[in-house]
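Numbering (our numbering), first residue to last: 15 to 172.
Virtual Cβ for every residue (Gly too), placed ideally from N, Cα, C.
In this text, all values refer to a predicted model and were calculated from it rather than measured experimentally.
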């Protein structure tokens, strides 16, 4: 659900979303929101955005993988080592899908054409739930509590 309001030179946008997975196999629930406020000055619009995003995986898929140990036990033989590695890797990857991040953004948009713009954004991410949000740090054992990103974005309307 969303709302956009443009009183005069101001632009205020708010959106909230909720996605509930089917609770079968690999299933995710996601939720989030953002609020954006900007003011137009000719071809330029400075703006700020705050938002939050969280994803939770249905843990039953992890239990289904662990149940395969009843059929083929771990460390059964050298021949089953690739299966052990696959199971351990899949469980680790699935558990990393529980993510959360809060975002604060300051940006400047330049409307250089009627149907195109360029944006420069500075983003500050705070990570939630012992995750790194959608960031992939080089050292996964030392997860940072936050990150800073700079982005240059071009929007085109077709």
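Just how far apart, CA to CA, sit residue 160 and residue 67? 14 Å
Run through the DSSP bridge pairs and tell me what residue 80 is partnered with. Beta-bridge pairing links residue 80 to no other residue.
Proximal residues to residue 122 (C-beta, below 6 Å), its chain only, five neighbours per side dropped: 60 and 134
Is it the case that the Cβ atoms of residue 65 and residue 47 are separated by a distance below 8 Å? yes
Residue 33 bridges to which residues according to DSSP? 44
Alpha carbon to alpha carbon, how far is residue 86 from residue 36? 28 Å
Does residue 23 come out as helix, strand or coil in the three-state DSSP assignment? coil
Residue 105 and residue 76 - do their beta-carbons sit closer together than 8 Å? yes
Candidates 156, 170, 142 and 167: closest to residue 70 by CA position: Comparing Cα positions, the closest option is 142.
Along the chain, where does the alpha helix (DSSP H) that runs through residue 109 open and close? Unbroken alpha helix (DSSP H) run through residue 109: 95-109.
Spatial neighbours of residue 97 within its chain, please: CB distance less than 7 Å, with the 5 preceding and 5 following residues excluded, ordered by chain position. Taken in chain order, the residues that qualify are 86.
In whole angstroms, what is the alpha-carbon distance linking residue 58 and residue 17? 22 Å
For residue 100, which option in 168, 115, 83 and 116 has the closest C-alpha, if you only look at C-alpha atoms? Scanning 168, 115, 83 and 116 for the CA closest to the CA of residue 100 turns up 83.
Counting only the same chain and skipping the five closest in sequence on each side, list residues whose C-beta sits under 6 Å from that of residue 157. 146
Residue 139: buried (16+ other C-beta within 10 angstroms of its C-beta) or exposed? buried
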